[in-house]
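**Q** Sending over a structure as structure tokens; questions will come in a sec.
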Amino acid sequence: MGRRRGSKRRTAAGGGGGDRLTALPLELRAQIASCLPFKQAVQLSALSRPWRRIHHHTPVVRISLRELVSVVDAGDGRHSLLVLDVDSAVATHAVLARRLRDVSASRVEALALACYADNARTRYHADRIIAAADARDIRIDAPSLYPLDQEHEEPWTLDLPAGARSLEVDLYRGLAPAIADSAPGAAALRSLSLDNVELRGWPPLLPSLRSLSLRCAAVRVKAPFAPAAWCPALEDLDISSSTIEHGRVDIRLPRLRYLDMDDVDVVGPPGVVAVDAPEMVELDVYCSAGCTADLRSFSLRAPRLRVLRWENQYAERVHMDAAAVEVGVIRFTERVDVDAGRPARVVSTYTRQMKCYREQMTRMLQGLLPNLPPERIADVSKPCMELEVHLHHEVDEYTGEMTKEEKLTCDLKALKALL
1 MGRRRGSKRR TAAGGGGGDR LTALPLELRA QIASCLPFKQ AVQLSALSRP
51 WRRIHHHTPV VRISLRELVS VVDAGDGRHS LLVLDVDSAV ATHAVLARRL
101 RDVSASRVEA LALACYADNA RTRYHADRII AAADARDIRI DAPSLYPLDQ
151 EHEEPWTLDL PAGARSLEVD LYRGLAPAIA DSAPGAAALR SLSLDNVELR
201 GWPPLLPSLR SLSLRCAAVR VKAPFAPAAW CPALEDLDIS SSTIEHGRVD
251 IRLPRLRYLD MDDVDVVGPP GVVAVDAPEM VELDVYCSAG CTADLRSFSL
301 RAPRLRVLRW ENQYAERVHM DAAAVEVGVI RFTERVDVDA GRPARVVSTY
351 TRQMKCYREQ MTRMLQGLLP NLPPERIADV SKPCMELEVH LHHEVDEYTG
401 EMTKEEKLTC DLKALKALL
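Have a look at this one:
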């Protein structure tokens with residue numbers, strides 16, 4: 001009898017955790033189920049009555065079509081065939097479609113979809129899943145199996161559902177998907193993020209877009225980068241670790257407030273960047289020393305700019321109209337190889353000598369301090385300048401040289417405090 005009582009105690013203890021989980025409100029149980037792949041969330045319906053159709057309430061839906069694909073060598077040395085488990089893909093769509101028709105079901109807040117971007121059949125089922133989910137936030141993780149130069153590579157045209165407000169696409173250097181002009185969600189989309197993509201054309205008009213992010217993108221459009229033509233209401237523009245092959249960047253956005261250009265390489269001629277943003281309050285231009293091409297010119301009109309951070313980007317001509325800047329830094333780094341036997345030489349093609357950087361900094365300060373005579377800029381800003389010199393003792397194994405680094409920094413907050 002004692003053992004039987006102990007057995008009951010163990011049974012009660014073992015089932016207590018599950019009972020407590022089942023006793024949670026539906027909203028909390030749905031959030032827990034959202035952490036699982038959608039297929040497993042559906043299987044939770046078999047646990048008990050309180051868990052029935054829990055997948056109709058999960059705020060996040062996670063689906064991987066890649067798990068339904070087998071990659072088979074076609075035998076020609078270049079191509080691979082994708083064999084899709086069509087029945088499973090159709091079943092997944094059917095479950096989502098039933099949720100969409102269920103008037104008591106909760107809205108899908110986010111769809112995380114993994115698939116292959118360069119297979120027409122996979123894209124077809126991905127499109128159906130996107131439409132059935134009608135999620136507010138859509139994240140597509142879709143690497144390409146084939147090189148971009150193969151003839152069969154075609155852009156994926158996304159037909160965004162009406163409920164879509166945010167779209168994030170990561171293609172691992174695949175061809176960026178196009179957004180259908182007639183897509184119900186195109187006019188209402190507010191956030192667009194394209195990671196690891198190649199762009200060969202601009203999206204259609206996105207009148208409600210407020211945030212645009214390009215990360216690790218290769219922009220190969222044969223036209224200037226002029227986002228005002230297709231997202232005129234943009235407020236936040238973030239471009240990082242990207243290459244723009246056309247040499248003209250024209251950012252003229254009346255509502256833009258934040259602009260971040262981090263390691264953006266404008267490689268084509270003429271190398272002209274113009275920014276006209278009357279509402280912008282923060283500008284961040286950064287490039288690793290010697291890693292991006294020099295610009296022929298950079299012009300800025302931002303009368304409400306408060307924060308400016310500028311590091312290492314060199315431009316032959318600089319014009320700045322931004323007298324309201326209050327905080328930030330301007331910093332340039334020169335790196336040279338040092339050898340006792342011969343003069344120092346610049347490490348990178350894109351690294352200028354410090355005297356060139358000083359000249360650019362002076363021109364930038366003239367735009368930030370328009371009421372100060374140009375001949376006084378150097379004397380007034382001198383207390384806010386710092387020159388750091390570092391000698392790196394790691395000797396280059398090929399040249400036998402050491403590297404000297406000079407870093408010139410101007411503290412804009414300290415400079416403004418002096419005036």
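Heads up: the sequence shown begins at 1 in full-length UniProt numbering, then just goes up one per residue.
All C-beta atoms in this analysis are idealised placements derived from N, C-alpha and C, irrespective of residue type, glycine included.
By a C-beta neighbour count over all protein chains shown, 10 Å radius and 16 as the cutoff for buried, is Pro50 buried or exposed?
**A** The residue you call residue 50 lines up with position 50 of the sequence shown. Exposed.
**Q** Measuring alpha carbon to alpha carbon, tell me which of Trp202, Ile54 and Arg296 ends up nearest Asp265.
**A** Taking the first residue of the sequence shown as position 1, residue 265 is located at position 265. Per the Cα distances, Arg296.
**Q** Between the Cα of Glu198 and the Cα atoms of Leu175, Asp19, Cys115 and Leu391, which residue gives the shortest distance?
**A** By one-based count along the sequence shown, residue 198 stands at place 198. Taking only the C-alpha atoms, the option nearest Glu198 is Leu175.
**Q** If you run the structure through DSSP and keep just helix, strand and coil, what is Arg280?
**A** Within the sequence shown, the letter at position 280 stands for residue 280. Before going on, a small fix: residue 280 reads as Met here, not Arg. Residue state, collapsed to three classes: coil.
**Q** Just verifying my parser: in three-state terms, what is the DSSP assignment at residue 420?
**A** Only positions 1 to 419 of the chain appear in the structure, and residue 420 is not among them; the question remains open.
**Q** For Thr157, which of Pro204, Ser191, Ala112 and Asn196 has the nearest alpha-carbon?
**A** Here residue 157 refers to the residue found at position 157 of the sequence shown. Ranking Pro204, Ser191, Ala112 and Asn196 by Cα distance to Thr157 puts Pro204 first.
**Q** Spatial neighbours of Val285 within its chain, please: CB distance less than 6 angstroms, with the 5 preceding and 5 following residues excluded, ordered by chain position.
**A** Position 285 of the sequence shown, counted from the first residue, corresponds to residue 285. Result list for Val285: Met261, Trp310 and Gln313, in chain order.
**Q** Work out the CA separation of Leu300 and Leu412 for me, nearest whole Å.
**A** Locating residue 412 in the sequence shown gives position 412, where the first residue counts as 1. Locating residue 300 in the sequence shown gives position 300, where the first residue counts as 1. When rounded, the distance between both Cα atoms is 17 angstroms.
**Q** Give the C-beta separation of Arg210 and Glu235 to the nearest angstrom, bearing in mind that I take them to be a contact with Cβ-Cβ under 8 angstroms.
**A** Here residue 210 corresponds to residue number 210 of the sequence shown, with the count starting at 1. Here residue 235 corresponds to residue number 235 of the sequence shown, with the count starting at 1. Rounded, the Cβ-Cβ distance is 5 angstroms, consistent with contact.
**Q** Can you find a C-beta in chain D that's less than 8 angstroms from the C-beta of Gly268?
**A** Note that chain D does not occur in the displayed structure, where there is just one protein chain.
**Q** How many angstroms separate the CA atom of Arg220 from the CA atom of Ala229?
**A** Here residue 220 refers to the residue found at position 220 of the sequence shown. Here residue 229 refers to the residue found at position 229 of the sequence shown. Looking at the two C-alpha atoms, the distance is approximately 17 angstroms.
**Q** Hey, how far is the Cα of Asp137 from the Cα of Gly185?
**A** Position 137 of the sequence shown, counted from the first residue, corresponds to residue 137. Position 185 of the sequence shown, counted from the first residue, corresponds to residue 185. The straight-line gap from Cα to Cα measures roughly 11 angstroms.
**Q** For Glu405, which option in Met354, Lys382, Leu368 and Ser64 has the closest C-alpha, if you only look at C-alpha atoms?
**A** The residue you call residue 405 lines up with position 405 of the sequence shown. It is Met354 whose Cα lies nearest to the Cα of Glu405.
**Q** Can you pull the DSSP bridge partners for Leu111?
**A** Here residue 111 refers to the residue found at position 111 when the sequence shown is read from its first residue. Answer is Val61 and Ile138, bridged to Leu111.
**Q** Tell me the DSSP secondary structure of Ala315 in three-state form.
**A** As a working note, residue 315 is residue 315 in the sequence shown. It is a strand residue.
**Q** Using 8 angstroms for Cβ pairs, my map puts Ser34 next to Pro59. What's the rounded Cβ distance?
**A** As a first step, residue 34 must be located in the sequence shown, where it is residue number 34. As a first step, residue 59 must be located in the sequence shown, where it is residue number 59. Confirmed, about 6 angstroms.
**Q** State the DSSP-derived secondary structure class of Gly367, mapped to helix, strand or coil.
**A** For this step, residue 367 is matched to residue 367 along the sequence shown. Three-state result, Gly367: helix.
**Q** Determine the burial state of Ser242: buried for a count of at least 16 other Cβ atoms within 10 Å of its Cβ, exposed for fewer.
**A** The sequence position of residue 242 within the sequence shown is 242, counting from 1. Per the 10 Å Cβ criterion, buried.
**Q** Here's a check: name, in chain order, each residue in its chain whose Cβ is nearer than 8 angstroms to the Cβ of residue 433, leaving out the five neighbours to either side.
**A** For residue 433 there is no data in the structure shown, the boundaries of the chain being 1 and 419.
**Q** With H, G and I counted as helix, E and B as strand and the rest as coil, what does DSSP make of Ala89?
**A** The residue you call residue 89 lines up with position 89 of the sequence shown. DSSP places Ala89 in helix when its eight states are reduced to three.
**Q** Could you check the C-alpha separation between Asp118 and Ala164 for me, to the nearest Å?
**A** Taking the first residue of the sequence shown as position 1, residue 118 is located at position 118. Taking the first residue of the sequence shown as position 1, residue 164 is located at position 164. The alpha-carbon atoms of Asp118 and Ala164 are separated by roughly 23 angstroms.
**Q** Roughly how many angstroms separate the alpha carbons of Ala183 and Glu168, rounded to a whole number?
**A** Here residue 183 corresponds to residue number 183 of the sequence shown, with the count starting at 1. Here residue 168 corresponds to residue number 168 of the sequence shown, with the count starting at 1. Their Cα atoms are separated by approximately 16 angstroms.
**Q** On the DSSP letters alone, give me the boundaries of the alpha helix (DSSP H) that Val42 sits inside.
**A** Position 42 of the sequence shown, counted from the first residue, corresponds to residue 42. Note, Val42: alpha helix (DSSP H), Phe38 to Gln43.
**Q** Buried or exposed for Arg62, going by 16 or more other Cβ atoms inside 10 Å?
**A** The residue labelled residue 62 in the question sits at position 62 within the sequence shown. Counting Cβ neighbours within 10 Å, Arg62 comes out buried, since at least 16 surround it.
**Q** Could you pull out every residue in the same chain whose Cβ sits closer than 6 angstroms to the Cβ of Ala414, ignoring the five residues on either side in sequence?
**A** As a position in the sequence shown, residue 414 is number 414, starting the count at 1. The residues are Cys384.
**Q** Classify Leu171 as helix, strand or coil using the three-state DSSP reduction.
**A** Start at 1 with the first residue of the sequence shown, and residue 171 comes out as number 171. It is a strand residue.
**Q** Is the CB-CB distance between Arg304 and Met280 below 8 angstroms?
**A** By 1-based counting over the sequence shown, the position of residue 304 is 304. By 1-based counting over the sequence shown, the position of residue 280 is 280. Result yes, Cβ atoms of Arg304 and Met280 sit closer than 8 angstroms.
**Q** Using only the alpha-carbon positions, how far apart do Arg139 and Val307 sit?
**A** Translated into positions along the sequence shown, residue 139 becomes position 139. Translated into positions along the sequence shown, residue 307 becomes position 307. Near 31 angstroms, if we compare the C-alpha coordinates of Val307 and Arg139.
**Q** Cα separation between Ser381 and Asp321?
**A** Translated into positions along the sequence shown, residue 381 becomes position 381. Translated into positions along the sequence shown, residue 321 becomes position 321. Straight-line Cα distance between these residues: approximately 18 angstroms.
**Q** Hey, how far is the Cα of Arg128 from the Cα of Thr92?
**A** Position 128 of the sequence shown holds residue 128. Position 92 of the sequence shown holds residue 92. So the alpha carbons of these two residues sit roughly 10 angstroms apart.
**Q** Can you give me the start and stop residues for the beta strand (DSSP E) that Tyr258 sits inside?
**A** Mapped onto the sequence shown, residue 258 falls at position 258. It spans Tyr258 to Val266 - the beta strand (DSSP E) in which Tyr258 sits, taken as one unbroken run.
**Q** For residue 445, which residues does DSSP report across the bridge?
**A** It is not possible to answer for residue 445, since the shown part of the chain is limited to 1 through 419.
**Q** According to DSSP, Arg335 sits in a beta bridge with which residue or residues?
**A** Mapped onto the sequence shown, residue 335 falls at position 335. DSSP, once it has assigned bridges, lists Glu405 as partnering Arg335.
**Q** Sort Ser288, Pro254, Trp202 and Pro224 by Cα distance to Val272 and report the nearest one.
**A** Reading the sequence shown from its first residue, position 272 is the one you call residue 272. Ranking Ser288, Pro254, Trp202 and Pro224 by Cα distance to Val272 puts Pro224 first.
**Q** Considering only their Cβ atoms, is the gap separating Ala132 from residue 420 smaller than 8 angstroms?
**A** The chain is shown only over 1 to 419; residue 420 falls outside these bounds and no answer can be derived.
**Q** When we look at the beta-carbon of Leu418 and count the other beta-carbons within 10 Å, is it buried (16 or more) or exposed?
**A** On the sequence shown, residue 418 is found 418 positions in, with the first residue counted as 1. So Leu418 ends up on the exposed side.
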